[in-house]
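S.K.: Handing you a structure now.
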Amino acid sequence: MKPAKMDLSSYRKEFPFTDKVIFFNHASFGPLPQRSWNATEEYYKCLKLEKIKNMDKVAFGKLDEIRVLIADMIKAQPEEIAFAANTSYGLNVAAWGLDLKPGDKILLSDVEFPGNTYPWTNLKQKGVIIEFVPSRNRCFDIDNFVRAIDTKTKVLAISFVQFFNGFKNDLKTIGKICEEKDIFFVVDGIQGVGCLDLDVKECKIDLLANGGQKWLLSSPGTGFIYLSSDAKRKINPSFFGWMGVDWELNFSDLFKFDLSPFPSVRKFEIGTYPYSLIWTMRSSLKLLWEVGIKNIERHNLALLDLLIEHLKEKNYQITSSLDANHRSSILSFSGKNAKNLYQQLRKNNIIASLREGSIRVAPHFYNTPDEMERLIELL
Numbered sequence: 100m101k102p103a104k105m106d107l108s109s110y111r112k113e114f115p116f117t118d119k120v121i122f123f124n125h126a127s128f129g130p131l132p133q134r135s136w137n138a139t140e141e142y143y144k145c146l147k148l149e150k151i152k153n154m155d156k157v158a159f160g161k162l163d164e165i166r167v168l169i170a171d172m173i174k175a176q177p178e179e180i181a182f183a184a185n186t187s188y189g190l191n192v193a194a195w196g197l198d199l200k201p202g203d204k205i206l207l208s209d210v211e212f213p214g215n216t217y218p219w220t221n222l223k224q225k226g227v228i229i230e231f232v233p234s235r236n237r238c239f240d241i242d243n244f245v246r247a248i249d250t251k252t253k254v255l256a257i258s259f260v261q262f263f264n265g266f267k268n269d270l271k272t273i274g275k276i277c278e279e280k281d282i283f284f285v286v287d288g289i290q291g292v293g294c295l296d297l298d299v300k301e302c303k304i305d306l307l308a309n310g311g312q313k314w315l316l317s318s319p320g321t322g323f324i325y326l327s328s329d330a331k332r333k334i335n336p337s338f339f340g341w342m343g344v345d346w347e348l349n350f351s352d353l354f355k356f357d358l359s360p361f362p363s364v365r366k367f368e369i370g371t372y373p374y375s376l377i378w379t380m381r382s383s384l385k386l387l388w389e390v391g392i393k394n395i396e397r398h399n400l401a402l403l404d405l406l407i408e409h410l411k412e413k414n415y416q417i418t419s420s421l422d423a424n425h426r427s428s429i430l431s432f433s434g435k436n437a438k439n440l441y442q443q444l445r446k447n448n449i450i451a452s453l454r455e456g457s458i459r460v461a462p463h464f465y466n467t468p469d470e471m472e473r474l475i476e477l478l
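If you want our numbering, it's the position in the sequence shown, counting the first as 1, plus 99.
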């Protein structure tokens with residue numbers, strides 16, 4: 100597989116640090132493109148210039164654009180998207196919004212990221228049962244999941260892509276099982292959305308929670324919730340705010356205490372938005388839209404193919420799945436003292452991660468084969 104044919108020269112200008120640093124750490128956090136920095140400056144200029152008089156209209160317009168861009172990315176509808184500050188917010192919307200009773204059971208993976216465990220284990224105080232599905236080779240195992248299902252099983256919460264080894268879960272198969280068994284299907288999408296193609300409808304996902312600070316190349320404090328139209332009826336807001344109702348951009352009469360919640364997922368947007376971050380998120384999403392998620396996926400896999408070939412030659416242990424159905428933009432490997440290698444890479448301005456005893460490499464669309472070759476030279 101060859102890297103996707105894209106105009107990398109123009110896109111790399113969005114990331115000036117590439118002259119000095121090779122950044123393969125997008126599974127940890129993503130850098131802000133130059134256009135997103137510019138958008139932040141644009142926002143603050145609006146606050147001191149004449150444009151401030153239309154700030155409400157402009158800001159809500161950008162939020163609408165974000166919902167459209169995200170919906171297009173995951174093949175949903177804009178009314179199924181709500182802005183969120185992080186992944187954990189979306190997971191808690193499900194955890195506390197579902198009508199769970201004492202004795203009801205929630206299934207989690209035993210290799211899940213903590214952000215998708217603590218919102219659920221917190222429900223033990225309500226008498227809800229938490230069961231961790233045993234993994235196989237440190238990957239979510241569908242057979243073990245099916246064996247764990249009983250009449251009390253109400254929720255499955257898993258990641259689109261596992262954070263430490265990049266294992267891409269078979270959401271389509273898992274979603275079909277959840278639909279057949281009437282299990283509410285919650286997905287933490289943060290390690291896949293922005294670099295992997297996803298169809299939330301095809302995968303029967305009820306709720307997808309996603310922060311913007313990794314593969315979406317946005318700021319911390321940005322993110323979104325997808326809640327399917329059918330699933331929306333099963334969740335009541337456990338907390339509610341004035342931005343959850345439709346003011347029709349008319350804030351001249353605020354003594355209206357009987358407005359109804361938005362019929363859309365916007366009812367989960369409870370308070371004043373971080374407007375400067377909205378500007379950056381919109382710009383980053385537009386960049387990803389320009390490049391194309393399928394192009395990004397092909398490009399990243401091709402870059403990792405270069406690394407895989409060398410790792411096999413040098414007898415490193417690849418701790419990621421090489422099954423095409425389970426590969427992602429993350430590749431992990433160990434051997435020859437991973438901690439020392441991690442430090443050596445950093446000394447040479449190659450930024451990866453050390454996770455669970457393995458080096459984790461996570462390139463994005465602007466990375467090049469030459470950059471991957473420079474990493475390979477140090478192995």
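C-beta atoms are modelled at their ideal positions from N, C-alpha and C, and glycine is treated no differently.
Everything numeric in this text was worked out from a predicted model, so none of it was measured.
What span of residues does the beta strand (DSSP E) with I180 cover, start to end?
M.R.: As a first step, residue 180 is located in the sequence shown; it is residue number 81 there, counting from the start. Taken as a continuous stretch (DSSP letters only), the beta strand (DSSP E) holding I180 covers I180 to F182.
S.K.: Tell me whether the beta-carbon of F239 lies closer than 7 Å to the beta-carbon of I257.
M.R.: Within the sequence shown, the letter at position 140 stands for residue 239. Within the sequence shown, the letter at position 158 stands for residue 257. In this structure, I257 lies closer than 7 Å to F239 by Cβ.
S.K.: Please report the distance separating the alpha-carbon of A366 from that of I324.
M.R.: Taking the first residue of the sequence shown as position 1, residue 366 is located at position 267. Taking the first residue of the sequence shown as position 1, residue 324 is located at position 225. At residue 366 the sequence reads Lys, which differs from the Ala that was named. The alpha-carbon atoms of K366 and I324 are separated by roughly 11 Å.
S.K.: Any idea what DSSP makes of Y372, helix, strand or coil?
M.R.: Position 273 of the sequence shown, counted from the first residue, corresponds to residue 372. Of the three classes helix, strand and coil, the one that applies to Y372 here is coil, per DSSP.
S.K.: Excluding the five sequence neighbours on either side, which residues of its own chain have a C-beta within less than 8 Å of the C-beta of F244, listed in chain order?
M.R.: In the sequence shown, counting from the first residue as 1, residue 244 sits at position 145. Excluding sequence neighbours, F244 sits near L206, V232, L255, I273 and I276.
S.K.: With 16 other CB atoms within 10 Å as the buried threshold, where does Y217 fall?
M.R.: Working through the sequence shown from its first residue, we reach residue 217 at position 118. Burial call: exposed.
S.K.: Does the structure place the stretch 281–293 close enough to the stretch 349–357 that three or more beta carbon pairs sit under 8 Å?
M.R.: Verdict: no, contact absent.
S.K.: Would you mind reading off the limits of the alpha helix (DSSP H) that contains N309?
M.R.: By 1-based counting over the sequence shown, the position of residue 309 is 210. Run containing N309: none in the alpha helix (DSSP H); it sits in the beta strand (DSSP E), L306 to G310.
S.K.: Between F234 and E164, what straight-line distance do the alpha-carbon atoms span, to the nearest angstrom?
M.R.: Within the sequence shown, residue 234 is the residue found at index 135, counting from 1. Within the sequence shown, residue 164 is the residue found at index 65, counting from 1. The sequence as given places Ser at residue 234; Phe does not occur at that position. So the alpha carbons of these two residues sit roughly 39 Å apart.
S.K.: Please report how far the alpha carbon of F122 lies from the alpha carbon of K161, in whole angstroms.
M.R.: One-based indexing of the sequence shown puts residue 122 at position 23. One-based indexing of the sequence shown puts residue 161 at position 62. Looking at the two C-alpha atoms, the distance is approximately 29 Å.
S.K.: Keeping to the same chain, check which residues put their C-beta closer than 8 Å to that of P130; ignore five residues upstream and five downstream.
M.R.: Walking along the sequence shown from the start, residue 130 turns up at place 31. Excluding residues within five positions, the ones whose Cβ falls inside 8 Å are F114, F116, F122 and L316.
S.K.: Establish whether the CB of S382 and some CB of chain B are separated by less than 7 Å.
M.R.: Any reference to chain B falls outside this structure, which holds one protein chain only.
S.K.: Tell me the DSSP secondary structure of Y110 in three-state form.
M.R.: Within the sequence shown, residue 110 is the residue found at index 11, counting from 1. Y110 falls in the helix class under three-state DSSP.
S.K.: Quick one: what's got a C-beta closer than 7 Å to S108's C-beta in the same chain, skipping five residues either side?
M.R.: Here residue 108 refers to the residue found at position 9 of the sequence shown. None.
S.K.: Please state the DSSP three-state secondary structure of I228.
M.R.: As a first step, residue 228 must be located in the sequence shown, where it is residue number 129. I228 falls in the strand class under three-state DSSP.
S.K.: Drop a sphere of 10 angstroms on the beta-carbon of D469, count the other beta-carbons inside from all chains shown, and report buried for 16 or more, exposed for fewer.
M.R.: The residue labelled residue 469 in the question sits at position 370 within the sequence shown. With fewer than 16 other Cβ atoms within 10 Å, it is exposed.
S.K.: Among N439, K119, Q312 and L222, which has the Cα closest to the Cα of I377?
M.R.: Your numbering for residue 377 matches position 278 in the sequence shown. It is Q312.
S.K.: Look at the alpha carbon of Y110 and the alpha carbon of L358, and state the distance between them as a whole number of angstroms.
M.R.: As a working mapping, residue 110 is identified with position 11 in the sequence shown. As a working mapping, residue 358 is identified with position 259 in the sequence shown. Computed Cα separation, rounded: 45 Å.
S.K.: Quick one: residues in its chain with C-beta nearer than 7 Å to the C-beta of F361, no 5 flanking neighbours on either side, listed in chain order?
M.R.: For the purposes of this step, residue 361 is taken as residue 262 along the sequence shown, with counting starting at 1. Correct list, in chain order: G343, V344 and D345.
S.K.: For M100, which three-state DSSP category applies?
M.R.: If you number the sequence shown from 1, residue 100 lands on position 1. At M100 the pLDDT is 44, less than 50, meaning the model places this residue with poor confidence; the figure from the coordinates comes in the next sentence. In this structure, M100 counts as coil in the three-state DSSP scheme.
S.K.: Quick check: what's the CA-CA separation for E178 versus V157?
M.R.: Locating residue 178 in the sequence shown gives position 79, counting from the first residue. Locating residue 157 in the sequence shown gives position 58, counting from the first residue. Their Cα atoms are separated by approximately 19 Å.
S.K.: How far does the alpha helix (DSSP H) with I392 in it reach, from first residue to last?
M.R.: Taking the first residue of the sequence shown as position 1, residue 392 is located at position 293. From DSSP, the alpha helix (DSSP H) with I392 extends over I392 to E412.
S.K.: On the DSSP bridge list, what partners appear for F323?
M.R.: Translated into positions along the sequence shown, residue 323 becomes position 224. DSSP, once it has assigned bridges, lists F182 and N309 as partnering F323.
S.K.: From which residue to which residue does the beta strand (DSSP E) around L168 run?
M.R.: Taking the sequence shown and counting its residues from 1, the one referred to as residue 168 is at position 69. Note, L168: premise wrong, no beta strand (DSSP E); alpha helix (DSSP H) at M154 to I173.
S.K.: As a quick exercise: from I449, R381 and L477, pick the residue whose alpha carbon is nearest that of N77.
M.R.: With the chain covering 100 to 478 only, the question about residue 77 has no answer from this structure.
S.K.: Relative to the alpha-carbon of S337, which residue among A175, L199 and E476 has its alpha-carbon at the smallest distance?
M.R.: Residue 337 sits at position 238 when you count from the first residue of the sequence shown. With distances taken between Cα atoms, S337 lies closest to L199.
S.K.: What are the partner residues of P360, as DSSP defines its beta bridges?
M.R.: Your numbering for residue 360 matches position 261 in the sequence shown. Beta-bridge pairing links P360 to V344.
S.K.: Nearest-angstrom Cα distance between T371 and F159?
M.R.: As a working note, residue 371 is residue 272 in the sequence shown. As a working note, residue 159 is residue 60 in the sequence shown. In a straight line, the C-alpha of T371 is about 11 Å away from that of F159.
S.K.: List the residues that DSSP assigns as beta-bridge partners of S452.
M.R.: Sequence index remark: in the sequence shown, residue 452 carries index 353 (1-based). Bridge partners of S452: R459.
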